[in-house]
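Asker: Per this note's numbering, the very first residue in the sequence shown carries number 4; after that it's consecutive. Positions of the beta carbon are idealized from the N, C-alpha and C atoms, including for glycine. Given the structure is predicted, the values throughout are model-derived calculations rather than measurements. The structure follows.
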Amino acid sequence: MKSKMWVFTFVFALIASLASAQADIFSPMKDALKAGSAKEMVKHLNQSVDINLEGEVNTYSKAQAEFVLRDFFKKYPVSDFTIEHTGSSKNGLQYAIGNYKSNKDQFNVLIRVKQSANVYLIHEISFVKE
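Below, the structure is given as structure tokens:
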């Protein structure tokens, strides 16, 4: 009985630590989105990033992406941003699903990151209006 309890405790602690690690990965990105700062977001972008704005998907360089995000934040100033869920795909990509609020508009946000060296960088971000 004690060994079953130990296994349960170990598994629970492992799951909790993985969830915490995922939240830590996305914490600086969440802060940049909450601030509506393209300048801060670009620090977390891969050299090439796919951006989906309301169904229009394009691939941008880091420099181009900063302008695209700046325009988005200008058009839809942030009133709040929260991450609702984090996880990883079967092939190990980390993702976060969040909610971006701007005045009367709301967007579902999907952020997918890839690990490059010891850093996680955004390779895809999607804003879909609710």
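#1: Determine contact between the segment 70–80 and the segment 102–112, defined as no fewer than three beta-carbon pairs at a distance below 8 Å.
#2: Just the Cα atoms here: how many angstroms apart are S92 and Y98?
#3: Do you know how far the Cα of D27 is from the Cα of E87?
#4: If you reduce the DSSP assignment to three classes, tell me which class K104 lands in.
#5: Smallest Cα separation from N49: which of F130, E133, S119 and K132?
Answerer: Looking at the coordinates:
#1: Yes, the segment 70–80 is in contact with the segment 102–112.
#2: Roughly 8 Å between the two C-alpha positions.
#3: Roughly 14 Å separates the two Cα atoms.
#4: Taken through DSSP and simplified to helix, strand or coil, K104 comes out as strand.
#5: Measuring from the Cα of N49, the nearest candidate turns out to be S119.
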